[in-house]
Amino acid sequence: MLELRLVQGSLLKKVLESIKDLVTDANFDCSATGFSLQAMDSSHVALVALLLRSEGFEHYRCDRSISMGMNLGNMSKMLKCAGNDDIITIKADDGSDTVTFMFESPTQDKISDFEMKLMDIDSEHLGIPEAEYHAIVRMPSAEFARICKDLSGIGDTVVISVTKEGVKFSTRGDIGTANIVCRQNTTVDKPEEATIIEMNEPVSLTFALRYMNSFTKASPLSNTVTISLSSELPVVVEYKIAEMGYIRFYLAPKIEEDEDETKPQV
Amino acid sequence: MLELRLVQGSLLKKVLESIKDLVTDANFDCSATGFSLQAMDSSHVALVALLLRSEGFEHYRCDRSISMGMNLGNMSKMLKCAGNDDIITIKADDGSDTVTFMFESPTQDKISDFEMKLMDIDSEHLGIPEAEYHAIVRMPSAEFARICKDLSGIGDTVVISVTKEGVKFSTRGDIGTANIVCRQNTTVDKPEEATIIEMNEPVSLTFALRYMNSFTKASPLSNTVTISLSSELPVVVEYKIAEMGYIRFYLAPKIEEDEDETKPQV
Amino acid sequence: MLELRLVQGSLLKKVLESIKDLVTDANFDCSATGFSLQAMDSSHVALVALLLRSEGFEHYRCDRSISMGMNLGNMSKMLKCAGNDDIITIKADDGSDTVTFMFESPTQDKISDFEMKLMDIDSEHLGIPEAEYHAIVRMPSAEFARICKDLSGIGDTVVISVTKEGVKFSTRGDIGTANIVCRQNTTVDKPEEATIIEMNEPVSLTFALRYMNSFTKASPLSNTVTISLSSELPVVVEYKIAEMGYIRFYLAPKIEEDEDETKPQV
């Protein structure tokens with residue numbers, strides 16, 4: 001028997017909106033510690049890892065660990081029917097091949113039950129080792145989303161370069177080149193507007209903008225985003241989910257075959 | 001000579017927006033008592049009845065009853081040119097084959113005349129007998145619109161079931177099933193937020209969601225909607241038009257050939 | 001060496017949005033007096049003239065007059081990456097085949113450089129003689145935009161007729177006719193809401209609505225628009241750019257071959 005009651009149901013709606021375009025089908029893993037997901041995107045280039053800890057739920061009952069395969073597009077269709085202030089409860093009976101999403105309006109005048117078929121999905125759980133990163137950038141999530149969107153009007157890839165002074169996002173395309181520099185800035189009125197750089201050594205890596213843009217769909221979940229970079233490691237783009245967990249996106253850097261031709265001049 | 005002056009011109013704009021996708025061409029009937037319309041949708045499944053009583057107009061002159069055939073798409077194009085605060089006057093000379101819509105801005109600085117050709121449309125006026133309904137549900141129009149929209153993401157038909165406790169909207173589709181229950185609730189701060197159920201006997205009927213969704217385009221006309229249900233009678237979905245009349249949509253229930261297969265489990 | 005620093009960068013964004021659909025490629029001319037452009041639309045029917053005077057820039061350095069050929073679509077893509085509160089600096093080195101747009105956020109925490117290739121564009125600069133106009137109408141730019149948009153739902157051309165009392169916009173199409181009269185009105189609370197008519201003699205001219213609609217994309221630049229009309233002269237539709245200059249659109253009137261058939265009844 002599984003019964004997870006989430007008072008802030010809009011969180012789950014936002015989680016689905018942030019991953020449904022990247023991942024088609026995925027197993028949600030439910031255990032005593034929390035509700036989680038790990039999945040590759042359909043072209044096996046990017047990895048998503050979600051964790052919602054059990055403490056974040058008003059009520060959390062999970063008698064035994066189970067893995068529930070869901071089509072994220074269909075799950076999103078159902079969650080869209082929940083109001084933004086609704087309480088969402090996820091329910092599944094032992095051995096059942098369905099999951100039920102229950103939505104309760106704040107006044108309790110409207111109660112909805114949506115039942116969805118589960119799927120069998122082959123998946124291997126990847127161990128993601130803790131790593132030391134050369135540079136960690138924390139910045140406003142809306143700013144990062146704006147930069148990725150702006151640059152994709154010019155080119156297909158972004159070079160992210162971190163120095164002590166700031167982080168630079170560069171691209172190059174048919175119509176020209178673009179460089180956007182965000183300076184380290186910790187003296188802001190609101191902490192979530194800060195741009196904070198922790199750097200052990202300078203790093204400069206190239207990524208496909210298509211994926212970066214997809215990751216930024218998680219921006220509604222958090223005011224800030226953390227970007228962790230190391231040469232020869234996938235970048236981690238992390239959005240914290242307040243008091244519950246996180247959603248993390250992993251993407252391997254592109255190896256430039258001929259740097260002179262494809263790398264923006266910096 | 002016909003001259004109908006409507007101070008709240010936006011009402012007429014909203015009326016057109018609510019029926020123009022359902023009905024292509026229709027006769028507007030104008031008599032001493034009011035301005036009305038009765039028309040079937042193009043597939044002859046749903047019926048619309050509109051009444052704007054003469055008392056609701058600032059000035060109402062209709063020397064003799066006439067029927068004016070109009071293309072609702074063209075009429076809507078013209079009414080879209082009226083500002084939301086404009087006064088709208090409908091004018092027609094006796095024997096003329098045109099109708100004129102005059103729009104006056106509140107400051108009288110801008111006066112527009114739009115003249116449209118009338119059409120000859122065959123139509124038979126159906127007598128709609130007053131009927132006793134098994135159940136009458138009054139609920140917020142925005143809530144009803146939201147439910148119809150949400151359910152059409154899951155299935156094609158909706159089963160509306162009324163009991164003393166509440167009204168249930170159910171559907172079933174390839175991706176699963178959905179049940180939304182709205183409880184009777186009369187103790188709300190604002191009367192228009194109430195859900196009120198008058199029931200003589202329980203009733204459960206199935207309708208095409210496509211039409212229900214179309215009817216809900218009338219939601220801007222009224223904060224509440226009244227749904228009147230009886231077995232073997234068409235449902236009536238009614239939006240009152242403040243102090244002037246109403247717009248009513250009639251739709252026959254679907255007869256389920258094999259209930260077990262197509263009816264959601266309730 | 002060219003370096004033009006515009007504190008209100010959003011002005012340049014709005015200028016591009018107002019002309020990029022009309023003109024594909026154009027030369028921007030930069031001299032000691034200002035930054036200007038003159039270009040025909042791609043079908044050589046309408047003419048755009050832009051002037052941003054040097055005094056309007058915070059910093060204006062232009063060592064020698066140059067003409068920079070740009071693709072307006074690409075330039076618009078780059079300017080869209082500027083925030084609405086950003087300071088925009090246009091830079092070009094002598095003899096360089098590129099131009100650089102620099103965007104500085106108000107807090108100076110984000111600095112962007114966009115470099116774009118210049119193009120060789122053949123163009124002849126037309127001398128536009130100062131002319132006496134029969135009638136000059138000044139009216140709210142949003143009102144003029146609304147009228148052009150509304151009329152293009154009915155017909156393809158607009159007849160603009162000016163008398164002492166007001167200005168009339170008329171059209172005719174398959175579904176009927178439309179006449180919109182705006183009365184002279186100088187006693188308004190806000191000066192920008194006035195409709196002011198200076199008339200030497202009555203005038204009535206016909207124009208393609210497609211172009212008029214395109215011109216109204218400049219409405220965000222100014223609360224008012226000035227329309228100058230004379231028989232046998234192109235109309236001038238002018239939007240002032242506060243304290244800096246203007247954008248002017250010129251369009252030749254249509255000559256009606258058979259007035260009785262195509263002219264709206266007035």
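Chains as they are written, first to last, in full-length UniProt numbering: chain H, 1 to 266; chain C, 1 to 266; chain G, 1 to 266. The beta-carbon is built from N, C-alpha and C at its ideal position, and this holds for glycine as well.
**Q.** Sub-7 Å separation of residue 52 of chain C and residue 245 of chain C beta-carbons
**A.** For the purposes of this step, residue 52 of chain C is identified with residue 52 of the second sequence, where counting begins at 1. For the purposes of this step, residue 245 of chain C is identified with residue 245 of the second sequence, where counting begins at 1. In this structure, residue 245 of chain C lies closer than 7 Å to residue 52 of chain C by Cβ.
Q: Determine which residues share a DSSP beta bridge with residue 116 of chain G and list them.
A: As a first step, residue 116 of chain G is located in the third sequence; it is residue number 116 there, counting from the start. For residue 116 of chain G, which the question treats as bridged, DSSP gives the partners H/176 and G/99.
Q. From H/138, H/120, H/172 and H/191, pick the residue whose C-alpha is nearest to that of residue 97 of chain H; which is it?
A. Position 97 of the first sequence holds residue 97 of chain H. Checking every option, the nearest Cα to that of residue 97 of chain H belongs to H/120.
Q. Ends of the alpha helix (DSSP H) at residue 36 of chain H?
A. In the first sequence, the residue the question calls residue 36 of chain H occupies position 36. That residue, residue 36 of chain H, is in no alpha helix (DSSP H); its beta strand (DSSP E) goes 34-40.
(Q) Just verifying my parser: in three-state terms, what is the DSSP assignment at residue 132 of chain H? (A) Taking the first sequence and counting its residues from 1, the one referred to as residue 132 of chain H is at position 132. In the structure shown, residue 132 of chain H sits in coil (DSSP, three-state: anything other than H, G, I, E or B).
**Q.** Any C-beta of chain H under 7 Å from that of residue 175 of chain C
**A.** Here residue 175 of chain C refers to the residue found at position 175 when the second sequence is read from its first residue. Answer yes: the Cβ-Cβ gap between residue 175 of chain C and chain H drops below 7 Å somewhere.
Q. Residue 227 of chain C by DSSP, collapsed to three states: which one?
A. Position 227 of the second sequence holds residue 227 of chain C. Looking at residue 227 of chain C - three-state DSSP - the assignment turns out to be strand.
Q.
Is there a C-beta anywhere in chain H that falls below 7 Å from the one on residue 3 of chain G?
A. Position 3 of the third sequence, counting from 1, holds the residue named residue 3 of chain G. No, because no Cβ of chain H sits closer than 7 Å to the Cβ of residue 3 of chain G.
Q.
Residues of the segment 112-129 of chain G in Cβ contact with chain H at a cutoff of 9 Å, in chain order, please.
A. Result list: 112, 113, 114, 115, 116 and 117.
**Q.** Residue closest to residue 213 of chain G, alpha-carbon to alpha-carbon, out of G/151, G/45, G/226 and G/54
**A.** Counting from 1 along the third sequence, the entry for residue 213 of chain G is found at position 213. When only C-alpha atoms are compared, the closest one is G/151.
Q | Segment limits, alpha helix (DSSP H) that includes residue 148 of chain H | A | Reading the first sequence from its first residue, position 148 is the one you call residue 148 of chain H. The continuous alpha helix (DSSP H) containing residue 148 of chain H extends over residues 141-152.
**Q.** Option nearest residue 12 of chain H by Cα separation, candidates H/131, H/147, H/140 and H/90
**A.** The residue you call residue 12 of chain H lines up with position 12 of the first sequence. When each option's Cα is compared against that of residue 12 of chain H, the closest is H/90.
**Q.** Close-in-space but distant-in-sequence residues of the same chain around residue 17 of chain C (CB under 8 Å, 5 per side omitted)
**A.** If you number the second sequence from 1, residue 17 of chain C lands on position 17. Here the set comprises 76, 217 and 220.
Q) Enumerated in chain order, which unbroken segments of the alpha helix (DSSP H) with a length of 4 residues or greater are wholly contained in the segment 32-87 of chain C? A) Counting only runs that start and end inside the segment 32-87 of chain C, the alpha helix (DSSP H) elements of at least 4 residues fall at 72-79.
Q) What residues in the segment 156-185 of chain H bring their beta carbon closer than 8 Å to a beta carbon of chain G? A) Correct list: 175, 176, 177, 178, 179, 180, 181, 182, 183 and 185.
Q.
I want to see whether chain C comes within less than 7 Å of residue 109 of chain H, judged by CB atoms only; does it?
A. Stepping through the first sequence from its first residue, residue 109 of chain H is reached at position 109. By the rule that beta-carbons nearer than 7 Å mark a contact, residue 109 of chain H touches chain C.
Q: Look at residue 138 of chain H and residue 155 of chain H and say whether their C-beta atoms are less than 7 Å apart.
A: If you number the first sequence from 1, residue 138 of chain H lands on position 138. If you number the first sequence from 1, residue 155 of chain H lands on position 155. Result no, Cβ atoms of residue 138 of chain H and residue 155 of chain H do not sit closer than 7 Å.
Q.
Taking the beta strand (DSSP E) that residue 240 of chain H belongs to, which residues open and close that run?
A. Working through the first sequence from its first residue, we reach residue 240 of chain H at position 240. Segment 235-241, the beta strand (DSSP E) holding residue 240 of chain H.
Q) Quick one: what's got a C-beta closer than 7 Å to residue 93 of chain C's C-beta in the same chain, skipping five residues either side? A) Within the second sequence, the letter at position 93 stands for residue 93 of chain C. Same-chain partners within the cutoff: 1.
Q) Between the segment 20-40 of chain H and the segment 56-70 of chain H, do at least 3 Cβ pairs fall closer than 8 Å? A) Flag = yes, the segment 20-40 of chain H and the segment 56-70 of chain H touch.
**Q.** Distance CB(residue 159 of chain C)-CB(residue 206 of chain C) smaller than 7 Å
**A.** Along the second sequence, read from residue 1 onward, the residue named residue 159 of chain C stands at position 159. Along the second sequence, read from residue 1 onward, the residue named residue 206 of chain C stands at position 206. By the CB criterion at 7 Å, residue 159 of chain C and residue 206 of chain C fall inside the cutoff.
Q) Alpha carbon to alpha carbon, how far is residue 112 of chain C from residue 184 of chain G? A) Your numbering for residue 112 of chain C matches position 112 in the second sequence. Your numbering for residue 184 of chain G matches position 184 in the third sequence. Rounded to whole angstroms, residue 112 of chain C to residue 184 of chain G spans 15 Å at the Cα level.
Q) Whose Cβ in chain H lies nearer than 8 Å to the Cβ of residue 77 of chain G? A) Here residue 77 of chain G is taken as the residue at index 77 of the third sequence, counted from 1. By Cβ distance, chain H contributes 153, 154 and 175.
Q) What's the call for residue 251 of chain C, buried or exposed, on a 16-neighbour Cβ count within 10 Å? A) As a working note, residue 251 of chain C is residue 251 in the second sequence. Answer is buried; the Cβ neighbour count reaches 16.
Q: Could you tell me whether any Cβ in chain C is nearer than 7 Å to the Cβ of residue 84 of chain H?
A: As a working mapping, residue 84 of chain H is identified with position 84 in the first sequence. Using beta-carbon distances, residue 84 of chain H does not count as an interface residue toward chain C, since no partner is under 7 Å.
Q: Note the first and the last residue of the continuous beta strand (DSSP E) segment covering residue 4 of chain C.
A: The residue labelled residue 4 of chain C in the question sits at position 4 within the second sequence. Residues 2-6.
Q) Taking 7 Å as the CB-CB cut-off, is residue 27 of chain H touching chain C? A) For this step, residue 27 of chain H is matched to residue 27 along the first sequence. With a threshold of 7 Å between beta carbons, residue 27 of chain H makes no contact with chain C.
Q) Is residue 244 of chain G helix, strand or coil when you go by DSSP? A) As a position in the third sequence, residue 244 of chain G is number 244, starting the count at 1. Three-state DSSP puts residue 244 of chain G in coil, outside helix and strand.
Q: With distances taken Cα to Cα, identify the nearest neighbour of residue 124 of chain C among C/40, C/176, C/7 and C/106.
A: For the purposes of this step, residue 124 of chain C is taken as the residue at position 124 of the second sequence. Out of C/40, C/176, C/7 and C/106, C/40 has the C-alpha closest to the C-alpha of residue 124 of chain C.
Q.
Determine whether the beta carbon atoms of residue 153 of chain G and residue 115 of chain C lie at a separation below 7 Å.
A. As a working mapping, residue 153 of chain G is identified with position 153 in the third sequence. As a working mapping, residue 115 of chain C is identified with position 115 in the second sequence. In this structure, residue 115 of chain C does not lie closer than 7 Å to residue 153 of chain G by Cβ.
Q: Identify the contact partners of residue 80 of chain C in chain A, using a Cβ-Cβ distance below 9 Å as the criterion.
A: Checking the listed chains, one finds no chain A in this structure; the protein chains it contains are H, C and G.
Q) The beta strand (DSSP E) spanning residue 197 of chain H covers which residue range? A) In the first sequence, residue 197 of chain H corresponds to position 197, counting from 1. Its beta strand (DSSP E) spans residues 196-199.
Q.
So, under 8 Å CB-CB, residue 48 of chain H and residue 23 of chain H are touching, yes? Tell me the CB distance rounded to an integer number of Å.
A. As a position in the first sequence, residue 48 of chain H is number 48, starting the count at 1. As a position in the first sequence, residue 23 of chain H is number 23, starting the count at 1. Correct: roughly 6 Å between the Cβ atoms.
Q. What is the rounded straight-line gap between the Cα of residue 263 of chain G and the Cα of residue 254 of chain G?
A. Position 263 of the third sequence, counted from the start, is the residue given in the question as residue 263 of chain G. Position 254 of the third sequence, counted from the start, is the residue given in the question as residue 254 of chain G. For residue 263 of chain G, the predicted model reports a pLDDT of 44, less than 50, meaning its position is unreliable; a value from the coordinates is still stated below. Roughly 11 Å between the two C-alpha positions.
(Q) Looking at residue 243 of chain H: is its Cβ nearer than 7 Å to the Cβ of residue 56 of chain H? (A) What you label residue 243 of chain H is simply residue 243 of the first sequence in a count that begins at 1. What you label residue 56 of chain H is simply residue 56 of the first sequence in a count that begins at 1. In contact: residue 243 of chain H and residue 56 of chain H (Cβ atoms closer than 7 Å).
Q: Would you mind working out which of G/117, G/32 and G/215 sits nearest residue 174 of chain H, comparing C-alpha positions?
A: Here residue 174 of chain H refers to the residue found at position 174 when the first sequence is read from its first residue. Closest by alpha carbon: G/117.
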